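Here the structure comes first, spelled out in structure tokens, and everything after it is commentary.
Residue numbers (our numbering), protein chains in the order written: chain A, 20 to 362; chain B, 267 to 428.
See the structure below:
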């Protein structure tokens, strides 16, 4: 199992990942709200045929939601390879995932298919290019539900048009500490950009991480949407960097003390809850990003961010763990990863 | 920004509270949000809240039970409750009621993005040419000549096809 993301994209210390997803539906099959079990099976079969028929996608592994155990499903969600909705579906659904674990095609989610690509740092254009190509290959073999006026038709009218959601996950501790996050949320809302927690819709913002994404999908070209999210994120990153330096200069000892206290706890604790882990990770990430902590790399922190979450932690351990056991295992995992880095 | 409830911890959750039919945004820390969520607050603001808010007025004012999609059998009233359409044809069946909502959601109702290869032959050619001419002018104004040349070629091919 790979831990995402292993590469280092531009601004990867603040922009954890860039993600693009396209929602598509077949013209002749009802949408999820009106789908029968037979329709679901037919869609799965068609997709299987389309995927197996074309080598251009690269090698894809199929994760069958119907037979997969809940821990594995949630672990895929924690790694952002499937959506929380797909992890919860009980019907006939699944996802095709590539070997690098940065491309996935979900089938029978809220829409018939959702094509997704995920890269480290600010790389929305690259993510869109990957989705665009997969989409074009599928379109050669399938008739999409498409309308000249409304574009790609989706189950929910909030996704019509491009069917595209472009999002960047940002780590913004200085903006949170100084209280600027509120004005960022307000200004983003005004320009049709949403800021949410790390698992998207309805999820809380934890560990000072926020997902910035487009709200409007109709009436603008994909490239324009990508460019606007890209531009907004770069502005937010610049503001975050300026504030980090200001905070540091204001009181070097206090700033470093906070970072090193968290670092001390992070690498020495024997019991760490998910919530505490997120909190400590935020301070440690800030320290590494600013060069205050030199011993560990951002990639290691990305690995810990993903693998320390409840389901993935159990998957790594190869057994079910209760909350207390997970908190101990999490602390062990952090020590192991950090020590490996120090050696 | 501090949590508006405890005034101690950093606020990192945005809530929308409904009071006297108006929505107020509240910023809370995770701990307060969790405690309060179970009692007086609605769920965090998501697309569903937004869309339900938009359809809400229609839900109260009208009883559009008669409006139904002949293809999948979805009734407009059902759609108002779930904000999910039943099939591609629902967009046409509910068109007159849906169009204003789409405009409120997206600020417009005309797709300008990618067109799938297989249906491009079925699109409304005069409309497409008109749209492309608009793009062509924009590209020329922005001095994006390479893009303009591509659009011009596309217009020509569509005109020849006509």
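Note that the Cβ used here is the ideal one computed from N, Cα and C, for glycine as well.
Values in this document were obtained by computation on a predicted structure and should not be read as measured data.
- Restricting attention to 46(A), 38(A), 283(A), the CA atom closest to the CA of residue 160(A) is found in 46(A).
- Less than 8 Å divides the Cβ of residue 189(A) from the Cβ of residue 228(A).
- Residue 406(B) is positioned such that its CB atom lies no closer than 8 Å to that of residue 424(B).
- Where residue 208(A) is concerned, there is no enclosing beta strand (DSSP E), although the alpha helix (DSSP H) around it starts and stops at 200 to 209.
- Excluding its 5 nearest sequence neighbours in each direction, residue 51(A) has C-beta neighbours in its own chain below 8 Å: 127, 128, 129, 130, 131, 174, listed in chain order.
- Of all C-beta pairs linking the segment 82 to 92 of chain A to the segment 111 to 125 of chain A, three or more are shorter than 8 Å, placing the two stretches in contact.
- In this structure, 212(A) is the residue among 216(A), 264(A), 212(A), 274(A) with its C-alpha nearest to the C-alpha of residue 249(A).
- DSSP places residue 38(A) inside the beta strand (DSSP E), whose first and last residues are 34 to 43.
- Beta bridge pairing from DSSP links residue 230(A) with 188(A), 215(A).
- Its Cα nearest to that of residue 251(A), the residue 143(A) stands out among 60(A), 143(A), 154(A).
- By the CB criterion at 8 Å, residue 185(A) and residue 147(A) fall inside the cutoff.
- Around the C-beta of residue 298(A), 16 or more other C-beta atoms lie within 10 Å, and the residue is accordingly described as buried.
- Interface annotation for the segment 288 to 299 of chain A against chain B: 294, criterion Cβ-Cβ distance under 8 Å.
- When DSSP states are grouped into helix, strand and coil, residue 334(B) belongs to the strand group.
- Neighbours of residue 46(A) in chain B, taken as residues at a C-beta separation under 7 Å, are given in chain order as 354.
- If you look at residue 79(A), you'll find it in the beta strand (DSSP E) that goes 79 to 83.
- Counted as a single uninterrupted DSSP element, the alpha helix (DSSP H) harbouring residue 254(A) occupies residues 241 to 269.
- Here DSSP, grouped into helix, strand and coil, assigns residue 401(B) to helix.
- Among the CB atoms of chain B, one or more fall inside 8 Å of the CB of residue 195(A).
- According to the DSSP secondary-structure assignment, residue 276(B) is paired through a beta bridge with 268(B).
- Interface criterion not met: the Cβ of residue 423(B) is under 8 Å from no Cβ in chain A.
- For the pair residue 305(A) and residue 326(A), the CB atoms are not nearer than the 8 Å cut-off.
- Pairing residue 187(A) with residue 217(A) gives a Cβ-Cβ distance that is not under 8 Å.
- Classified as buried, residue 282(A) has 16 or more neighbouring CB atoms from the shown chains inside 10 Å of its CB.
- By the C-beta density criterion, residue 120(A) is buried, having at least 16 other C-beta atoms within 10 angstroms.
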